[in-house]
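Be aware that the sequence shown starts at 1, since it is given in the UniProt record's numbering, and climbs by one per residue.
A virtual CB, placed ideally from N, CA and C, is assigned to each residue, including glycine.
Computed from a predicted model, the values in this text were never measured in an experiment.
Worksheet: the structure to be examined is printed underneath.
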Amino acid sequence: MSNRDHAKKHSMDIPHVTSVELPFNVKNTDRAVHMLGGKQRIQKAINSQYRPTAIQPSSHAVDDKNLELRLRNDPFHHPVQASVNRREKVLLKVSIPKSSLPKDYHENPQKYPVRDLLRQSNDDGHHAKVEPIAIINKNYSFRAIADFQMTTKNNKMAQDFNNQVLRSNQFDDYKKFYQDKLAKTDDYKNPEIFENKDHQLIPPPHFSGIRFPFDFRYQKSPYTVTLRDEEGNAKVVMKSDSKKLFTNTVDFYSDSIPDAPLPEIIKKYEWMVSADLSQEYSDKKLFDCVHFLRRLFEIKPIWLRKSLVDVTPEPLKAAVKEALPYVSYCYKNGPWRFCNVRLGVNPKDSSSYWVYQSGYFRLQGLRTKFDQSEETVRVVPNTIKMNDPNSEVMVSEHLLFTGKKLPGAINYQIGDIMDDDIVSVIKRAESHGELLRDTLDSQEGWIKKQIIETIRRIVRYKLRRLYKELPIEREKIHEIVEADYTEKEGEENDEDMDEDEEEVDEEDEDGADHTNEAEDNDMDEDVVDPASVTEESILSRIRQADGPAAEKLASFDSFIKHEAIPTETALAFFAAGAVYFALITGTIPTSELVQNEILPFLPWWALVTFGSYALATLGWGVLTFKDKEKSYKELLQQIDEAKTFYKEKGLDLDE
């Protein structure tokens, strides 16, 4: 120990310096300094107390206290931001005698690490000299990836902005750029600016919010395989074909109903009958489920799918959705919406099918509110008792509306409702012969308007009270029962319905329902094929019922579509919204055809759109013409005249 030499001591009274690591080999120092922003920018960054914050608007955010590396001379270039390291390091100077250096060292110095040179020098009997010359207390490194770049070489707009604004000191250049590019007010009239093409826009400040490489671990789907055809083209296909459902949906307004499954289903069923399904588990389960559903539809001709799944044995539940097209069809609108009807049965032929009419009641948060841990009670629905009093087919009570507990479903058949108030309403109407109508209605079905509306309002009211865990007020029930709804044709929002009535989550266990139960319509409103609802068809129906009203709406529509000054556009939207609102509320008397056949097809967003555009246009007009007192007064005068006109018609726009 005593024979060993002690390490040489060095004084640390040496300068403190800042280092900058560049991701390239520097051959031109002046150019490297310019790429960092110049000497003043480097000096400002070194003397500042820059510390990156925990939360930044972007990881590519530019801070004048930090260094940034610009790889090209372009003001729209997105520079690489430096990472600052404040850990102190010692900068050592290693001196090795030239005689111990390899002959080709100066030609390729990177070939020889410092450790190897020191070892070679010691082997040759030469002594290298090592001494500290500085302490690095701040280190800038550019190890982050650069942001996505956008070249502006062929971008005339960017080049003009660069030459006339960024790099110009002449006021005339600023003025010319403003007048040519920014002072135009009628560009929106030129349809070419809306085409999908290169609009010569200035690049955004940054594209990506990620500075450092990140492995997203993208992997191919384990359920797919790549196949090549005879021409060598690759195609990704699923390993197992997804089951295609041949659901037979029928429009309520269609004159015919299917009495047999679709040809594809018949072909599949014939194969299942003749094939050996002992080794085909899924097909065997489907075959058994089809036969089980046939027995259920013999007991009851019209079912809700949730009830079918509930009464199906556990091993067959997963096949119900695929098996239904073999034995039934589904209405997509009308009084039996979301119902599966046995093939060959037409509920429009007889009023006895009123018990199977469905009511769809939306309630947001029903899934989370419904207590699934509660023990399930099973009962025999009334619609099954009617056909088979001794039937043992029982449905979970939470799928039916009892009026006492919050149900687990939002779609109920009228005949299966177990609420005492609704049952008494139906019995009283039957005893007085006031339950059924002579002709079928697209909204109420076979049930008269007064009765079906009473049922709907009782269910709505009780669902809201049960959801909020509030008691049922008998006075309110009595008020609903005694109210007259025959004179309120087309009225949607009454005092029973809260303005903030909750919308409903789709409560289908499968996640996606082939019957589209998550429609944005209110209770029992028809879901109409969009292809059949056009502007001409609606105006045609209105013209049949009320010619002047149709011409008025048509004139409003064409007036809005054509070029109009802002004040006229505002009044047009105001007037069209007022007419629509008056028709909805019944302020303007209309025929039964208008209420039942036309208003349900008018979109709910029409009134919102008219009102929003009217307010926005009026606001724009006020800002534009605030210095034109005469035009502004004329605008207010026209609005007052419109208010007075509709007030005479019984519609107060101020309210």
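Quick one: what's got a C-beta closer than 6 Å to A146's C-beta in the same chain, skipping five residues either side? Within the sequence shown, residue 146 is the residue found at index 146, counting from 1. V80.
Whole-angstrom C-beta distance between T18 and K93, which should lie under 8 Å: Your numbering for residue 93 matches position 93 in the sequence shown. Your numbering for residue 18 matches position 18 in the sequence shown. Wrong, their Cβ atoms sit about 18 Å apart, outside the cutoff.
Just to confirm, are T402 and M418 a CB contact at a threshold of 7 Å? Looking up residue 402 in the sequence shown gives position 402. Looking up residue 418 in the sequence shown gives position 418. Yes, they are a contact pair.
So, using beta-carbon positions, are T247 and P325 closer together than 7 Å? Sequence index remark: in the sequence shown, residue 247 carries index 247 (1-based). Sequence index remark: in the sequence shown, residue 325 carries index 325 (1-based). In contact: T247 and P325 (Cβ atoms closer than 7 Å).
Starting from the C-beta of T383, find all residues in its chain whose C-beta is less than 7 Å away, skip the five residues before and the five after it, and write them out in chain order. Against the sequence shown, residue 383 aligns to sequence position 383. Result list for T383: K300, V355, Y356, Q413, G415 and D416, in chain order.
With 16 other CB atoms within 10 Å as the buried threshold, where does Y461 fall? Counted from its first residue, the sequence shown places residue 461 at position 461. Label assigned to Y461: buried.
Give the range of the alpha helix (DSSP H) segment to which E270 is assigned. As a position in the sequence shown, residue 270 is number 270, starting the count at 1. From DSSP, the alpha helix (DSSP H) with E270 extends over P263 to S274.
Which class does L400 belong to by DSSP, given the choice of helix, strand or coil? For this step, residue 400 is matched to residue 400 along the sequence shown. DSSP places L400 in coil when its eight states are reduced to three.
Going by alpha carbons, who is nearest to residue 656 out of L201, Q219, F287 and N333? Since the displayed the chain opens at 1 and closes at 655, residue 656 lies outside it and no answer follows.
Near N411, which residues of its chain fall below 8 Å by C-beta distance, leaving aside the five closest residues on each side in sequence? The residue given as residue 411 occupies position 411 in the sequence shown. Taken in chain order, the residues that qualify are L304, K306, F338, S358, G359, Y360, F361 and E517.
Pull up the distance between the alpha-carbon of V379 and that of P263, whole angstroms please. For the purposes of this step, residue 379 is taken as residue 379 along the sequence shown, with counting starting at 1. For the purposes of this step, residue 263 is taken as residue 263 along the sequence shown, with counting starting at 1. Their backbone Cα atoms lie some 37 Å apart in a straight line.
What's the gap between the Cα of S83 and the Cα of V90? The residue labelled residue 83 in the question sits at position 83 within the sequence shown. The residue labelled residue 90 in the question sits at position 90 within the sequence shown. Roughly 19 Å between the two C-alpha positions.
Which partner residues does R378 have in the DSSP bridge list? Here the question's residue 378 lines up with position 378 in the sequence shown. Partner(s): S396.
In this structure, does DSSP put L92 in helix, strand or coil? The residue labelled residue 92 in the question sits at position 92 within the sequence shown. In this structure, L92 counts as strand in the three-state DSSP scheme.
How far does the alpha helix (DSSP H) with M83 in it extend, from its first residue to its last? Your numbering for residue 83 matches position 83 in the sequence shown. Note on residue identity: the sequence assigns Ser, not Met, to residue 83. Run containing S83: none in the alpha helix (DSSP H); it sits in the beta strand (DSSP E), S83 to N85.
Just verifying my parser: in three-state terms, what is the DSSP assignment at I14? As a working mapping, residue 14 is identified with position 14 in the sequence shown. I14: coil per DSSP, three-state reduction.
In angstroms with no decimal places, state the Cα-to-Cα distance between L406 and L400. By 1-based counting over the sequence shown, the position of residue 406 is 406. By 1-based counting over the sequence shown, the position of residue 400 is 400. About 10 Å.
K449 and T486: beta carbons closer than 7 Å? Here residue 449 corresponds to residue number 449 of the sequence shown, with the count starting at 1. Here residue 486 corresponds to residue number 486 of the sequence shown, with the count starting at 1. Contact: yes.
Straight-line gap, L166 to G38 (C-alpha atoms, nearest Å): The residue given as residue 166 occupies position 166 in the sequence shown. The residue given as residue 38 occupies position 38 in the sequence shown. So the alpha carbons of these two residues sit roughly 18 Å apart.
Could you tell me the alpha carbon to alpha carbon distance between L466 and K404, rounded to whole angstroms? The count along the sequence shown starts at 1 and reaches residue 466 at position 466. The count along the sequence shown starts at 1 and reaches residue 404 at position 404. Their Cα atoms are separated by approximately 8 Å.
Starting from the C-beta of D510, find all residues in its chain whose C-beta is less than 7 Å away, skip the five residues before and the five after it, and write them out in chain order. As a position in the sequence shown, residue 510 is number 510, starting the count at 1. Caution is warranted here: a pLDDT of 40 is assigned to D510, below 50, making its placement in the model unreliable, and the coordinate value is therefore given only provisionally. So the qualifying residues of the chain are K321.
Is DSSP giving S351 helix, strand or coil here? Locating residue 351 in the sequence shown gives position 351, counting from the first residue. Three-state DSSP puts S351 in a helix.
Contact under 7 Å by Cβ, T454 with V481: As a working mapping, residue 454 is identified with position 454 in the sequence shown. As a working mapping, residue 481 is identified with position 481 in the sequence shown. Yes, they are a contact pair.
What does the Cβ neighbour count give for A45, buried or exposed, with the cut at 16 atoms within 10 Å? By 1-based counting over the sequence shown, the position of residue 45 is 45. Under this definition A45 is a buried residue.
Span of the alpha helix (DSSP H) holding residue 661? Past the edges of the chain, shown from 1 to 655, lies residue 661, and the structure says nothing about it.
So, with DSSP's three-state summary, where would you put E507? Sequence index remark: in the sequence shown, residue 507 carries index 507 (1-based). In this prediction, E507 scores a pLDDT of 38, lower than 50, which makes its location untrustworthy; the coordinate-derived value is nonetheless stated afterwards. Coil at E507, not helix or strand.
Find out if the Cβ-Cβ distance for the pair S95, D124 is shorter than 7 Å. Working through the sequence shown from its first residue, we reach residue 95 at position 95. Working through the sequence shown from its first residue, we reach residue 124 at position 124. Cβ distance not < 7 Å, so S95 and D124 don't count as in contact.
Can you tell me which of the three DSSP states V594 falls into? In the sequence shown, counting from the first residue as 1, residue 594 sits at position 594. Unreliable positioning characterises V594 in this predicted model, as indicated by a pLDDT of 47, which lies under 50. The coordinate reading is nonetheless provided below. V594 falls in the helix class under three-state DSSP.
Taking H10 as the reference, which of A134, E68, S391 and N387 has the closest Cα? Start at 1 with the first residue of the sequence shown, and residue 10 comes out as number 10. Nearest option by C-alpha distance: A134.
Candidates R217, P258 and F148: which alpha carbon is nearest I210's? On the sequence shown, residue 210 is found 210 positions in, with the first residue counted as 1. The residue with the shortest Cα to Cα distance from I210 is F148.
Report the residue from Y331, N122 and V345 whose alpha carbon sits nearest the alpha carbon of D251. For the purposes of this step, residue 251 is taken as residue 251 along the sequence shown, with counting starting at 1. The candidate whose alpha carbon is nearest that of D251 is Y331.
Relative to the alpha-carbon of V459, which residue among I477, G445, A183 and A234 has its alpha-carbon at the smallest distance? To locate residue 459, count along the sequence shown from 1; it is residue 459. Out of I477, G445, A183 and A234, I477 has the C-alpha closest to the C-alpha of V459.
Taking T234 as part of the beta strand (DSSP E), name the residues at either end of that continuous run. What you label residue 234 is simply residue 234 of the sequence shown in a count that begins at 1. Per the sequence presented here, residue 234 reads as Ala, with Thr not at that position. Its beta strand (DSSP E) spans residues A234 to M238.
Three-state secondary structure assigned by DSSP to P132: Position 132 of the sequence shown, counted from the start, is the residue given in the question as residue 132. P132 falls in the strand class under three-state DSSP.
Reduced DSSP category for N122 - H, G, I as helix; E, B as strand; rest coil: Numbered from 1 along the sequence shown, position 122 holds the residue referred to as residue 122. Note: N122 maps to helix in three-state DSSP.
Neighbourhood of F292 by C-beta, 7 Å cutoff - its chain only, sequence neighbours within 5 removed: The residue given as residue 292 occupies position 292 in the sequence shown. Same-chain partners within the cutoff: T312 and L316.
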